[in-house]
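These notes are about the structure you will find just below.
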Amino acid sequence: MPIITRREWETRGARITPETAVIGRRTLLGASASLALAGRSVRAAEAPALPEAAPRNPAFDGGRALTEEKWAETYNNYYEWGEDKTIWRDAQALKQRPWTVKFEGLLNQPRVVGVDDLLKQMPLEERVYRHRCVEAWAMTVPWTGFPLQALLKMAEPLGSAKFVVFETVQDPSMPNLRNPIYPWPYVEALTMDEAANDLAFMSVGLFGKPLPPQNGGPIRLTVPWKYGFKSAKSIGTIRFAEKRPTTFWEGINPDEYGFWANVNPNVPHPRWSQANERLIGTNDRAPTQIYNGYGSSVAALYAGRQSEKLYM
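Mapping to my numbering: the sequence shown position 38 is 39, numbers consecutive.
Shown next, in the form of structure tokens:
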């Protein structure tokens, strides 16, 4: 009798929702979300549809019930738009097409690529990931996108590149860019070995639809074992570098927001505990897991780095 070993985030087969139910649920969620978001600008709808129906990758199922779409799309951190969670209305002003991504730095050929041309080169799939905010709230949502390692292969970074740096666009429609206390642009980064990990993901869709601007559309980084601020939104530039950059929140307050930002329930934020998390939509509490439950796939990345501030 074969012994099946599941990873931390995987759900037992009996708990997995059948595909027919998921399709019906999406239809229902789409209708309810339309009602819940009635009155918002249609700007988000201007993004072209995803190029094809991306198959669900069953290896990434999140291990929890999905957060309702209406909550995932209306409870958002995106500081370029403002400092509260209700920025989704204002964020509809972001025009998502045309959209280009600039590749620069230590790579064979710097280039500018249209996001739709980029998607034609990438293997799209859907993955359900848990998302853990440093503010101790959490969601579980289905992202459509492609492995970051596929983008690395296309970009062809040089061997001297040690970091991949992601920069959010600075669009004139973003009102908080005028706030001088923040060191714009928003910059985040991963080491090359983190970026090559199978979990690292570039997201272009949410709940089977193009990624809304308030969630980082049209293209964002998704790194499920780290606190959410590591996942740069609305990416306009991807740069390969030899020197580790100072990332956005690290630059603002390095005592509270370090470069590595791995989830650890035993390392409290200086102003609150990280031992548990509030599930958005239900307000249930759940215990936080080391590396957000993805430790078997990523813990080895940090061997030999224990002298650094790995967990906040």
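Note that the Cβ used here is the ideal one computed from N, Cα and C, for glycine as well.
- Cα-Cα separation, Gly64 to Thr75: 23 Å
- Query: Would Met155 pass as a contact of Gln110 if the rule is Cβ separation under 8 Å?
  - Reply: no
- Query: Who are the Cβ neighbours of Gly252 in its own chain at under 7 Å, not counting the five residues just before and after it?
  - Reply: Short of 7 Å from the beta carbon of Gly252, and not among the five residues preceding or following it, lie these beta carbons of its own chain, in chain order: Pro184.
- Message: Using CA atoms only, rank isn't needed, just tell me which of Ala92, Ala60, Glu70 and Leu120 is closest to Ala54.
- Response: Ala54 has its Cα closest to that of Leu120, out of Ala92, Ala60, Glu70 and Leu120.
- On the three-state DSSP scale, how would you describe Asn177? Three-state DSSP puts Asn177 in a helix.
- Who are the Cβ neighbours of Arg240 in its own chain at under 6 Å, not counting the five residues just before and after it? Glu105, Gly106 and Val166
- Query: Going straight from the alpha carbon of Ala233 to that of Leu280, what length do you get?
  - Reply: 22 Å
- Where Leu302 falls: helix, strand or coil (DSSP): helix
- Ends of the beta strand (DSSP E) at Leu207? Here the beta strand (DSSP E) through Leu207 covers Phe202 to Leu207.
- Message: With a threshold of 6 Å on Cβ separation, who are the neighbours of Pro52 within its own chain once the five nearest residues in sequence on each side are excluded?
- Response: Leu120
- Among the residues of its own chain, which have a CB less than 6 Å from the CB of Glu69, if the five just before and after it don't count? Gly282
- Task: May I ask which residues mark the beginning and end of the beta strand (DSSP E) holding Trp138?
- Result: Trp138 to Pro148
- Determine which residues share a DSSP beta bridge with Gly106 and list them. Phe241
- Task: Kindly provide the ranges of any beta strand (DSSP E) runs that are 3 or more residues long and lie completely inside the segment 55-121, ordered along the chain.
- Result: 57-62, 101-106 and 112-115
- Message: Which of the three DSSP states is assigned to Glu251 in this structure?
- Response: In this structure, Glu251 counts as helix in the three-state DSSP scheme.
- Query: Are at least three pairs of beta-carbons, each pair with one atom in the segment 212-222 and one in the segment 80-93, less than 8 Å apart?
  - Reply: yes
- Ignore the nearest five residues each way along the sequence and tell me which others in Val299's own chain have a CB closer than 7 Å to its CB. The answer, listed in chain order, is Asn198, Leu200, Trp226 and Tyr292.
- Considering only the beta carbon of each residue, do Arg272 and Phe260 sit closer than 8 Å? no
- Who pairs with Glu168 in a beta bridge, going by DSSP? Val188 and Thr238
- Query: For Leu152 versus Met193, is the C-beta spacing smaller than 8 Å?
  - Reply: It is not a contact, given that the beta carbons lie outside the stated cut-off.
- Neighbourhood of Asn177 by C-beta distance below 8 Å, restricted to the same chain and skipping five residues each side: These residues qualify, in order along the chain: Tyr80, Glu81, Trp82, Gly83, Glu84 and Tyr183.
- Message: Relative to the C-alpha of Ser174, which candidate in Tyr187, Asn284, Pro59 and Lys96 has its C-alpha closest?
- Response: Lys96
- What residues are listed by DSSP as bridge partners for Asn263? Lys227
- Task: Below 8 Å on the Cβ atoms is my guess for Thr141 versus Gly209; work out the distance and round it to an integer in Å.
- Result: Their Cβ separation, rounded to whole angstroms, is 15 Å, which puts Thr141 and Gly209 out of contact at 8 Å.
- Task: Within 10 angstroms of the Cβ of Glu157, are there 16 or more other Cβ atoms? Answer buried if so, exposed if not.
- Result: Exposed: under 16 other Cβ atoms inside 10 Å.
- In terms of DSSP beta bridges, what is Glu127 paired with? Arg57 and Thr145
- Report the three-state DSSP secondary structure of Gln307 (helix, strand or coil). coil
- In three-state DSSP terms, what is Glu157? coil
- So Gly237 packs on Val170, CB below 8 Å; how close in whole Å? 4 Å
- Minimum C-alpha distance to Arg133 - residue among Leu149, Pro288 and Asp172: Residue Pro288 is the option with its Cα nearest to Arg133.
- Within 10 angstroms of its Cβ, does Arg179 collect 16 or more other Cβ (buried), or is it exposed? exposed
- Message: Quick test of your reading: Leu67 and Leu108, contact by CB under 8 Å. State the CB separation rounded to the nearest angstrom.
- Response: The Cβ separation is near 37 Å, so there is no contact.
- Query: Between which two residues does the beta strand (DSSP E) carrying Ala287 extend?
  - Reply: Arg286 to Pro288
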